[in-house]
Every structure is written in structure tokens, then in C-alpha cells.
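Contents: one structure, followed by commentary.
Residue numbers (our numbering): 93 to 160.
See below:
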């Protein structure tokens, strides 16, 4: 599978549920884990972590900016 396609599809995944679904997909995919899928899982793990740390702060900043 094309690595650009895999990255393009997975780069916006940000929830633990989406990460779990991706990991299950990779596990169930015939042919095993490719480097592209392994990198995609790492990116989504980082997205989930970032989202858990900064989501509330980002929303507060956006609300404040929009109300200014």
C-alpha cells in the first residue's frame, strides 16, 4: 500500500478509539506490518498524546480569540 496514502488517511486521527481501530486494522491486514503502517501508528499515538495534553487549552484559546 502506498505510504503517502496511509499517512494521508491517518494523519488526522486523534482519539484513542481511532488508534485502537488502526492497530486492529494493521494486526488483521494480510502481509503483516509494513514500515508505513508502523509509522502511521506512531504518528497517531503522538496525535492522541498531544490531543490529551492540549485540547482543552486550545479550545479555551480559540473561545477567547473568537470573543475578543
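Using N, Cα and C, we set each Cβ at its ideal position, and we do this for glycine too.
Residue i, buried or exposed, once every other Cβ within 10 Å from all chains shown has been counted against 16
i	result
residue 101	exposed
residue 105	buried
residue 129	buried
Close-in-space but distant-in-sequence residues of the same chain around residue i (CB under 8 Å, 5 per side omitted)
i	result
residue 114	102, 105, 132, 133 and 136
Cβ-based neighbour list, residue i, same chain, cut-off 7 Å, excluding 5 preceding and 5 following
i	result
residue 108	140
residue 95	128
Own chain, CB closer than 6 Å to residue i, minus 5 neighbours either side, in chain order
i	result
residue 110	none
Where the alpha helix (DSSP H) containing residue i begins and where it ends
i	result
residue 97	95-102
>> Runs of 4 residues minimum, wholly inside the segment 107-145: which ones carry the alpha helix (DSSP H) assignment?
In response: Correct list: 108-120.
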